[in-house]
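Worksheet for the structure shown next.
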Amino acid sequence: MRAPLRMTLRDSEYVSPRTSRAIAGVLLLAGVVAAVGGVAYAVNGATQAPASVTVPITIEADEGAPSRPVPVTVDGVVTPDGARFQAADGGLQLVTTDRAVDRWTGFLARGDAALIGLGFGACALLLVPVVNAVAAGDPFRRSNAARIGWSGAIVGVVGMVAPMLPNLAAIRVMSLFDAPGADNPIAVVLGLDLAPIGIAALIFVVAEAFRRGTQISADTAGLV
């Protein structure tokens, strides 16, 4: 009983060609929307400067080491002139209406959305032909491995760089204010997230599997 079941699972079709082509169409549309929407959102941030620019900040702990926002009361926080604090899902934000903030800073404050949107769009353009090749019954087409590999590289680079752009904008904003005092615990933290590297590594493994599959397919062509 187990053998027929195993054969059925092994020979079953997970995704039909029609579904694969539909997935390719949705992926392409989503990529275009993400790329255009991300860039438009960042450009909108640039057009709002110097009227209003929002950047992420954090509060230093008593030991002086920056930490993520937690529900505590911190004394000695001085709000710079022309700015205010606001709470956000990702932590604390500083909203400034200082006229000295330029449009480039406004773009950087939303630059993560632009970079992520462009990265997603690029990955979509790379992977749509791969999905179409699978739908056509040719998953090991020669260019597929390279397309998957480039997608992994984009995921790794964008995943690390994009979160840093709003923090770079925060540094530019803080540099415009007069020093509020040495004891003011406002800080800007530049962190490096290594999770995208792990995701990119997994994508590279898939790319290598496709590369070897392409090689085996080429070596066995004409033998059957």
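Numbering (my numbering), first residue to last: 291 to 514. Glycine is no exception: its CB is placed at the ideal position from the N, C-alpha and C atoms.
Whole-angstrom distance between Arg431 and Leu398, CA atom to CA atom: 39 angstroms
Straight-line gap, Glu498 to Ile406 (C-alpha atoms, nearest Å): 25 angstroms
Per-residue DSSP class, three states only, for Arg242: In the structure displayed, the chain extends from 291 to 514; residue 242 sits before or after that span and is not available.
Contacts around Pro453, its chain only, beta-carbon distance under 7 angstroms, and the 5 residues preceding and following it disregarded: Asp402 and Asp483
Sequence-distant residues of its chain with Cβ nearer than 7 angstroms to Trp440 (five each side left out): Leu416
Under 8 angstroms between C-beta atoms of Gly411 and Ala490: no
Boundaries (first-last residue) of the alpha helix (DSSP H) holding Gly481: First-last for Gly481: undefined, no H or E at that position.
Enclosing alpha helix (DSSP H) for Arg308 [first to last residue]: Pro307 to Gln338
Straight-line Cα distance separating Asn457 from Ala423: 41 angstroms
Where the alpha helix (DSSP H) containing Val391 begins and where it ends: From DSSP, Val391 is part of no alpha helix (DSSP H); its letter is neither H nor E.
For Ser507 and Val421, believed in contact at Cβ under 8 angstroms, the rounded distance: That pair is no contact at about 18 angstroms.
CB contact flag (Ala404, Leu317, <8 angstroms): no
Pro453 in three-state terms, based on DSSP: coil
Between the CA atoms of Ser302 and Ser342 - distance to the nearest angstrom: 56 angstroms
Alpha-carbon to alpha-carbon, Gly481 and Val345: 15 angstroms
Own chain residues within Cβ distance below 7 angstroms of Ala320, not counting five before or after: Ala414
Met450 beta carbon less than 8 angstroms from that of Pro274: In this structure the chain extends from 291 to 514, so residue 274 is not present and cannot be described.
Alpha-carbon spacing of Ile347 relative to Asn434, whole angstroms: 42 angstroms
DSSP three-state assignment for Arg502, whether helix, strand or coil: helix
Length of the line joining the Cα atoms of Gly328 and Val418: 20 angstroms
Ala425 vs Pro307 beta-carbon contact at 8 angstroms: yes
Inter-residue spacing [alpha-carbon to alpha-carbon] between Val479 and Arg462: 13 angstroms
Separation of Pro429 from Val391, as counted between CA atoms: 51 angstroms
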